[in-house]
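See structure below.
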Amino acid sequence: MGLFTRQIDVQLRMRTLNLYSLLLWFIQPIVFSAVGMILSNAAGNPAPDLVYTVIGGGIMGMWSGLVFTSTYDIRSDRREGTLEIIVGSPTSLRKIEAIRTFANVAAGSISLIAAFLVAVLIYKFPLSQADLLSAVISLLVILFGLWCMGVFLANLMVWSRLSTSIVEFIEMPVALLAGFMYPIRILPAWMQEISSVFPIRWGLETLRTAIQGPALNQETLIKWAISIGISLIIYLLSRLLDRKVHDLIRVSGELSSI
Amino acid sequence: MEIQEGCVISPGRVNLLGEHVDYNEGVVLPAAIDRSVKIQFTRRKDRLVQLAALDLDHQCKFNLFDLDRKVDSNGNPLPSWALYPAGVLWMLQQRGYAVSGFNASYRSDIPIGAGLSSSAAVEVGFAVVCQVLGGWQIDRLTLARICQAAEINYAGVNCGLMDQFACASGVPDHLLMFDTRTYESRPIPLPQNTTLVIADSTIRRSLINSAYNDRRKDCDTAVKFYQTIYPQVNSLRDLSPAQFKAHAHHLPDEVWRHALHVVEEIERVERAIQYLDSGDAEQFGKLMFETHNSLRDLFEVSCRELDILVDLAHGFDGCLGARLTGAGFGGCTINLVRKDRVDEFIEFLKTAYQRETGLQANIFRTHPSRGASLKSSSAYRSSAASIPKVYAIDAHELSKTFVTRHGFWRRTVKSTVAVDKISFSVEKGELFGLLGPNGAGKTTTVKMLSTLLLPTSGTISILGKDIQRDTNEIRRHIGFTFGGARGLYGRLTAVENLRYFAELYALPPEATRRRIPELLEIVGLEGRGNDRVETFSSGMQQRLHLARALLHDPDLIFLDEPTVGIDPVGARELRTTIKQLIGHGKTILLTTHYMAEADELCDRIAIIKQGHIIAMDTPASLKKKISSDSIIEVKVEAANLPAVQNTLSRLDSLAAVSYSENNFVKGISITTPQPGAVIELLSPLLTQNVIQNLEVRNQTLEDVYISLIKGDIE
Numbered sequence: 001m002g003l004f005t006r007q008i009d010v011q012l013r014m015r016t017l018n019l020y021s022l023l024l025w026f027i028q029p030i031v032f033s034a035v036g037m038i039l040s041n042a043a044g045n046p047a048p049d050l051v052y053t054v055i056g057g058g059i060m061g062m063w064s065g066l067v068f069t070s071t072y073d074i075r076s077d078r079r080e081g082t083l084e085i086i087v088g089s090p091t092s093l094r095k096i097e098a099i100r101t102f103a104n105v106a107a108g109s110i111s112l113i114a115a116f117l118v119a120v121l122i123y124k125f126p127l128s129q130a131d132l133l134s135a136v137i138s139l140l141v142i143l144f145g146l147w148c149m150g151v152f153l154a155n156l157m158v159w160s161r162l163s164t165s166i167v168e169f170i171e172m173p174v175a176l177l178a179g180f181m182y183p184i185r186i187l188p189a190w191m192q193e194i195s196s197v198f199p200i201r202w203g204l205e206t207l208r209t210a211i212q213g214p215a216l217n218q219e220t221l222i223k224w225a226i227s228i229g230i231s232l233i234i235y236l237l238s239r240l241l242d243r244k245v246h247d248l249i250r251v252s253g254e255l256s257s258i
Numbered sequence: 259m260e261i262q263e264g265c266v267i268s269p270g271r272v273n274l275l276g277e278h279v280d281y282n283e284g285v286v287l288p289a290a291i292d293r294s295v296k297i298q299f300t301r302r303k304d305r306l307v308q309l310a311a312l313d314l315d316h317q318c319k320f321n322l323f324d325l326d327r328k329v330d331s332n333g334n335p336l337p338s339w340a341l342y343p344a345g346v347l348w349m350l351q352q353r354g355y356a357v358s359g360f361n362a363s364y365r366s367d368i369p370i371g372a373g374l375s376s377s378a379a380v381e382v383g384f385a386v387v388c389q390v391l392g393g394w395q396i397d398r399l400t401l402a403r404i405c406q407a408a409e410i411n412y413a414g415v416n417c418g419l420m421d422q423f424a425c426a427s428g429v430p431d432h433l434l435m436f437d438t439r440t441y442e443s444r445p446i447p448l449p450q451n452t453t454l455v456i457a458d459s460t461i462r463r464s465l466i467n468s469a470y471n472d473r474r475k476d477c478d479t480a481v482k483f484y485q486t487i488y489p490q491v492n493s494l495r496d497l498s499p500a501q502f503k504a505h506a507h508h509l510p511d512e513v514w515r516h517a518l519h520v521v522e523e524i525e526r527v528e529r530a531i532q533y534l535d536s537g538d539a540e541q542f543g544k545l546m547f548e549t550h551n552s553l554r555d556l557f558e559v560s561c562r563e564l565d566i567l568v569d570l571a572h573g574f575d576g577c578l579g580a581r582l583t584g585a586g587f588g589g590c591t592i593n594l595v596r597k598d599r600v601d602e603f604i605e606f607l608k609t610a611y612q613r614e615t616g617l618q619a620n621i622f623r624t625h626p627s628r629g630a631s632l633k634s635s636s637a638y639r640s641s642a643a644s645i646p647k648v649y650a651i652d653a654h655e656l657s658k659t660f661v662t663r664h665g666f667w668r669r670t671v672k673s674t675v676a677v678d679k680i681s682f683s684v685e686k687g688e689l690f691g692l693l694g695p696n697g698a699g700k701t702t703t704v705k706m707l708s709t710l711l712l713p714t715s716g717t718i719s720i721l722g723k724d725i726q727r728d729t730n731e732i733r734r735h736i737g738f739t740f741g742g743a744r745g746l747y748g749r750l751t752a753v754e755n756l757r758y759f760a761e762l763y764a765l766p767p768e769a770t771r772r773r774i775p776e777l778l779e780i781v782g783l784e785g786r787g788n789d790r791v792e793t794f795s796s797g798m799q800q801r802l803h804l805a806r807a808l809l810h811d812p813d814l815i816f817l818d819e820p821t822v823g824i825d826p827v828g829a830r831e832l833r834t835t836i837k838q839l840i841g842h843g844k845t846i847l848l849t850t851h852y853m854a855e856a857d858e859l860c861d862r863i864a865i866i867k868q869g870h871i872i873a874m875d876t877p878a879s880l881k882k883k884i885s886s887d888s889i890i891e892v893k894v895e896a897a898n899l900p901a902v903q904n905t906l907s908r909l910d911s912l913a914a915v916s917y918s919e920n921n922f923v924k925g926i927s928i929t930t931p932q933p934g935a936v937i938e939l940l941s942p943l944l945t946q947n948v949i950q951n952l953e954v955r956n957q958t959l960e961d962v963y964i965s966l967i968k969g970d971i972e
């Protein structure tokens, strides 16, 4: 527990509470939400779909924040020379990555909460119809999916410095494919197939449904199960790679390379 | 050859005559006895001393660097029994004698608290252990004085010099005439056909220290009084019994009686020596009885049981003399007995004493014996044959090749051999240096040893564990720092950094709370713990690195260029810290580019070049590699160079000359086995100011290093 709280503390103070992260979590959702509404108006919709525009913007902020922090953490450790010290300690890097990613996901949820507040307080989005229990479960499922993906990305970052560009490359495509800001059904069928491998997609669908009305039905349960299942597969993949990655970095000697 | 282990036997002592005169500058007549303390010792590589008092079933471990604090290795106060050996080690160090770490167990058959100087035997015994391990020479008087100083200043017992001197300087079958004023001594044979018998009353002294101190005070009071009458008096020894008695009525009653004993005892010893020299055992014996009476009636340090023992002995026909020995108030009597009546005497005394007191006396014969000495020794540790040696580091045929790939479509692969089949071992407690130019493979080696890199081939054992199989276990027991300011979180404070890394090493919260201020003090950052690390200078960050590496109290520490970028004062402080770590029993592997630093710190050095170890030895032995020639450094203005060269051409094969230069001044380096001849040749040029400066120096580690790296020597 000591390691957990200490790591969270370090994570928040070193990585989270800085201007760039605040931009990611607050400004970015606002920008995305604004763009969403402009596009909605341009498409001739009488009123913007707040579920996709505002809340989608919040999810977007969470995702970007996660991609940034998960990859930045390791890059930063490399640059500060602390990666070697962490790897050389008896605590496994996997454990540290897991706690860090938890901190990142928890901090990222601020973005979603901010988006909700904007939707409710500014746009008067009615929550009276919302299925709060299903919404909370959906949110937790999303957070779990994000955590698993974050751990996977962090692991990838330890492996090689070159993976930075790969990770940065996937930020927008995943956001687009997972339907953060629009319904998946508008995508071509083949793209929908691809998007189904992202656990966030399934959680998002149930979250949106739950915000609009009763959602606790078989379809929702299946989607939660799919999301959790894919998340677990991603996590297990990280675990399988973990040892390999650890050995690889001890072979290549890139721990201290910037 | 360096002694690794052995056994020292240090005898107790018995004083035949001259009781309580040693602190009044009198002459005493002690003898070392055949009851002794036996100390088995084994050298350690570190600066720790581990003691086992087998009779007490107690153990104690302390650090030679921490002796001032009188604490064990856990920071707890030393137990009282350990103050005696520890005090000797402390005093030896204070006097500049090299004291190495060791393990020792000891057992004694000297009755404790019986007035037979069991404490002095321990002190002298450990002084001899240190002497044996340190390889230095010391005369027995100096050794005894060191032990006395240790008992007074460290154990806090105000004692005279007789006990330690007798334990250190005993001669078989002889008493020692020891003048505590002039420190002169000579052995005097024990009278023929006599044997010494010690009778331990089994009464143990109580309040002895306060009574002893009271009597010392009384003696001082008497001296001060007599100084007003006889200004030349410095001690009671300077007074004859007649002089003393003439004015004694001015003294308080108790002071008068106590001082009279001393004055008469000093005079008695003078007579006793004459009797001994003439072999008159009977007269000598009578003086022993007189002494007892004086100790009983005047000095008032006897007790009923001791008086009974002496009275019984007095009534035995074969006993020539008897008296209490030691400080009194209990303990033993010493008896001079005819050889042919010893068994009978012992039996008689045992029976009669039990009848009179109901106590069983411990009565035994004793022989004047040799002072403390090394009984047996070995240059090798006997355990080495049966137990495989566990090194802190054992690297065998260690290689590391880095493979880099370039290109996307047409991949090119490049292999770089950073370390090529190096083998070396580092013993526990050793400070091992790894030197070499940039890119030689030092850091790669350190990273392999510290589990951060996997070797391409070869094996590494760290503290007996395999680097690949027991990686996590090894990580718990090693610490490492890499040179430079990287490796800390700049936006966190020093304490926050240390707390975080403490968690990574799973330090319990209590240990973390205790260790952090301790370490900040050790590295000289006390008071800066709550400052952000980004505000620290390079030196401070480097010291914080060291604190971080020490958090979990590792046994083995890797220091990769720890003083790089640090100012000279900071570097010196860090070197002091490193020395202290060795004193705490740590093993250190150090890499550095500073040769003086390596020379100062390292027990052994390996020089690595292009991934190969090209030399490995102690700094002293490495310096011998390059020859014992001196180097004469000459500075000369460019215009004067031809004149100097002309002179140097006459050196023939006497010296090797090399030149270096800058724009204005030429440097000439002359390596020669005969510096005197060269200086003589050059001195006219020096007086004519042709030579600006001339400096003679010995070969340094840097000279060796440069020669090895350049390939000038192998």
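As you go down the protein sequences, you meet chains A and B in turn. Here our numbering is used: the first residue of the first sequence is 1, the next is one more, and so on. Here our numbering is used: the first residue of the second sequence is 259, the next is one more, and so on. Cβ coordinates follow ideal geometry from the N, Cα and C atoms, glycine included.
Problem - Cutoff 7 Å: ILE85/A Cβ touching any chain B Cβ - result: As a working mapping, residue 85/A is identified with position 85 in the first sequence. Yes, because at least one Cβ of chain B sits closer than 7 Å to the Cβ of ILE85/A.
Handout entry: Backbone secondary structure at LEU465/B - three-state DSSP
Key = Reading the second sequence from its first residue, position 207 is the one you call residue 465/B. Here LEU465/B scores only 49 on pLDDT, less than 50, and its place in the model is too uncertain to base an answer on.
Problem - Candidates GLY925/B, HIS432/B, HIS654/B and GLN298/B: closest to ASP535/B by CA position - result: Position 277 of the second sequence, counted from the start, is the residue given in the question as residue 535/B. Ranking the options by Cα distance to ASP535/B, first place goes to HIS432/B.
Exercise for the section: Identify whether HIS851/B lies in helix, strand or coil by the three-state DSSP scheme. Expected result: Looking up residue 851/B in the second sequence gives position 593. It is coil, neither helix nor strand.
Exercise for the section: Give the residues of chain B in contact with LEU3/A, contact being defined as C-beta atoms less than 8 Å apart. Expected result: Along the first sequence, one-based indexing puts residue 3/A at 3. The answer, in chain order, is GLU761, LEU762 and ALA764.
Problem - ARG75/A to MET157/A span [Cα, whole Å] - result: If you number the first sequence from 1, residue 75/A lands on position 75. If you number the first sequence from 1, residue 157/A lands on position 157. Distance between the alpha carbons of ARG75/A and MET157/A: 8 Å.
Problem - Backbone secondary structure at ALA973/B - three-state DSSP - result: No information on residue 973/B is available, as it lies outside the stretch 259 to 972 that chain B covers here.
Handout entry: Check whether VAL675/B and ILE651/B have beta carbons under 7 Å apart
Key = The residue you call residue 675/B lines up with position 417 of the second sequence. The residue you call residue 651/B lines up with position 393 of the second sequence. Going by C-beta atoms, VAL675/B is not nearer than 7 Å to ILE651/B.
Handout entry: Length of the line joining the Cα atoms of ARG628/B and ASN332/B
Key = Here residue 628/B corresponds to residue number 370 of the second sequence, with the count starting at 1. Here residue 332/B corresponds to residue number 74 of the second sequence, with the count starting at 1. If you take the alpha carbons of ARG628/B and ASN332/B, they lie about 38 Å apart.
Problem - Enclosing beta strand (DSSP E) for VAL893/B [first to last residue] - result: One-based indexing of the second sequence puts residue 893/B at position 635. Correcting the residue type first, residue 893/B is Lys in the shown sequence and not Val. Per DSSP, LYS893/B belongs to the beta strand (DSSP E) from 888 to 895.
Practice task
Inspect the beta-carbon positions of LEU899/B and LYS882/B and report whether they are closer than 7 Å.
Solution key: Residue mapping note: residue 899/B aligns to position 641 of the second sequence, counting from 1. Residue mapping note: residue 882/B aligns to position 624 of the second sequence, counting from 1. Not closer than 7 Å, so no.
Problem - Member of VAL513/B, PRO510/B, TYR488/B and GLU512/B whose CA lies at the smallest distance from the CA of GLN258/B - result: An answer regarding residue 258/B cannot be provided, because it is not within the stretch 259 to 972 covered by chain B.
Practice task
Say whether the stretch 260 to 276 of chain B touches the stretch 510 to 517 of chain B, bearing in mind that this needs 3 or more beta-carbon pairs closer than 8 Å, one atom from each stretch.
Solution key: no
Handout entry: Beta-carbon spacing of PHE320/B, ASP330/B below 7 Å
Key = Walking along the second sequence from the start, residue 320/B turns up at place 62. Walking along the second sequence from the start, residue 330/B turns up at place 72. Result yes, Cβ atoms of PHE320/B and ASP330/B sit closer than 7 Å.
Problem - Beta-ladder partner(s) of GLU776/B, from DSSP - result: Indexing the second sequence from 1 puts residue 776/B at position 518. GLU776/B pairs with nothing; no bridge assigned.
Practice task
Look up LEU832/B in the DSSP assignment and say whether it is helix, strand or coil.
Solution key: Translated into positions along the second sequence, residue 832/B becomes position 574. It is helical.
Practice task
Would you verify that the beta carbon of GLU97/A is, or is not, closer than 7 Å to some beta carbon of chain B?
Solution key: As a working mapping, residue 97/A is identified with position 97 in the first sequence. Chain B contact via Cβ: absent.
Practice task
Give the range of the beta strand (DSSP E) segment to which ARG271/B is assigned.
Solution key: For the purposes of this step, residue 271/B is identified with residue 13 of the second sequence, where counting begins at 1. Run containing ARG271/B: 263 to 273, per the beta strand (DSSP E) assignment.
Exercise for the section: Check HIS625/B in the structure and name its three-state DSSP category. Expected result: What you label residue 625/B is simply residue 367 of the second sequence in a count that begins at 1. Reduced to three states, the DSSP call for HIS625/B is coil.
Practice task
Check whether the Cβ atoms of CYS477/B and VAL520/B lie closer than 7 Å to each other.
Solution key: Along the second sequence, one-based indexing puts residue 477/B at 219. Along the second sequence, one-based indexing puts residue 520/B at 262. Result yes, Cβ atoms of CYS477/B and VAL520/B sit closer than 7 Å.
Practice task
With a threshold of 16 other CB atoms inside 10 Å of the CB of ALA878/B, please say whether the residue is buried or exposed.
Solution key: In the second sequence, counting from the first residue as 1, residue 878/B sits at position 620. The residue in question, ALA878/B, is exposed, as its Cβ has fewer than 16 Cβ neighbours within 10 Å.
Exercise for the section: Take the Cβ of ILE170/A as the centre, count every other Cβ of all protein chains shown within 10 Å, and call the residue buried at 16 or more, exposed below. Expected result: Start at 1 with the first residue of the first sequence, and residue 170/A comes out as number 170. With fewer than 16 other Cβ atoms within 10 Å, it is exposed.
Exercise for the section: May I ask you to list the residues that DSSP assigns as paired with GLU953/B? Expected result: Against the second sequence, residue 953/B aligns to sequence position 695. GLU891/B, per the DSSP bridge assignment.
Problem - Every unbroken alpha helix (DSSP H) within the stretch 23 to 68 of chain A, with a cutoff of 4 residues, ordered by chain - result: 28 to 42
Problem - Where the stretch 48 to 81 of chain A meets chain B: residues whose CB sits under 9 Å from a CB there - result: ARG79, GLU80 and GLY81
Problem - N- and C-terminal bounds of the alpha helix (DSSP H) containing TYR963/B - result: On the second sequence, position 705 is the one that residue 963/B refers to. Where TYR963/B is concerned, the enclosing alpha helix (DSSP H) stretches over 959 to 968.
Exercise for the section: State the start and end residues of the unbroken alpha helix (DSSP H) segment that holds ARG881/B. Expected result: Sequence index remark: in the second sequence, residue 881/B carries index 623 (1-based). According to the sequence provided, residue 881/B is Lys. The question's Arg does not apply to it. It spans 877 to 883 - the alpha helix (DSSP H) in which LYS881/B sits, taken as one unbroken run.
Exercise for the section: Compare the Cα-Cα distances from SER719/B to each of PHE738/B, GLY934/B, THR770/B and GLU655/B and report the closest residue. Expected result: Walking along the second sequence from the start, residue 719/B turns up at place 461. The shortest C-alpha separation from SER719/B is found at GLU655/B.
Exercise for the section: Whole angstroms is fine: what's the gap from VAL307/B's alpha carbon to LEU391/B's? Expected result: By 1-based counting over the second sequence, the position of residue 307/B is 49. By 1-based counting over the second sequence, the position of residue 391/B is 133. In a straight line, the C-alpha of VAL307/B is about 12 Å away from that of LEU391/B.
Exercise for the section: Compute the Euclidean distance between the alpha carbons of PRO510/B and ALA530/B, then round it to the nearest angstrom. Expected result: Within the second sequence, residue 510/B is the residue found at index 252, counting from 1. Within the second sequence, residue 530/B is the residue found at index 272, counting from 1. Rounded to whole angstroms, PRO510/B to ALA530/B spans 30 Å at the Cα level.
Handout entry: Within 7 Å, strictly: CB atoms of PHE32/A and GLY57/A
Key = Along the first sequence, one-based indexing puts residue 32/A at 32. Along the first sequence, one-based indexing puts residue 57/A at 57. Their beta carbons are under 7 Å apart, which means PHE32/A touches GLY57/A by this criterion.
Practice task
Tell me, please, whether the stretch 111 to 130 of chain A touches the stretch 147 to 157 of chain A by the rule of three or more beta-carbon pairs shorter than 8 Å.
Solution key: no
Exercise for the section: Could you tell me whether the Cβ of LEU710/B comes closer than 7 Å to any Cβ of chain A? Expected result: Taking the second sequence and counting its residues from 1, one reaches residue 710/B at position 452. It does; some Cβ of chain A falls within 7 Å.
Problem - Proximal residues, the stretch 208 to 219 of chain A versus chain B, C-beta separation under 7 Å - result: none
Exercise for the section: Tell me whether the beta-carbon of GLU953/B lies closer than 7 Å to the beta-carbon of GLU891/B. Expected result: Your numbering for residue 953/B matches position 695 in the second sequence. Your numbering for residue 891/B matches position 633 in the second sequence. Against a cut-off of 7 Å, the Cβ pair of GLU891/B and GLU953/B comes out as a contact.
Practice task
Between the Cα of VAL386/B and those of THR400/B, LEU564/B, TYR470/B and GLY373/B, spot the shortest distance and give me the residue it belongs to.
Solution key: Here residue 386/B refers to the residue found at position 128 of the second sequence. Selected option, being the one with the closest Cα: THR400/B.
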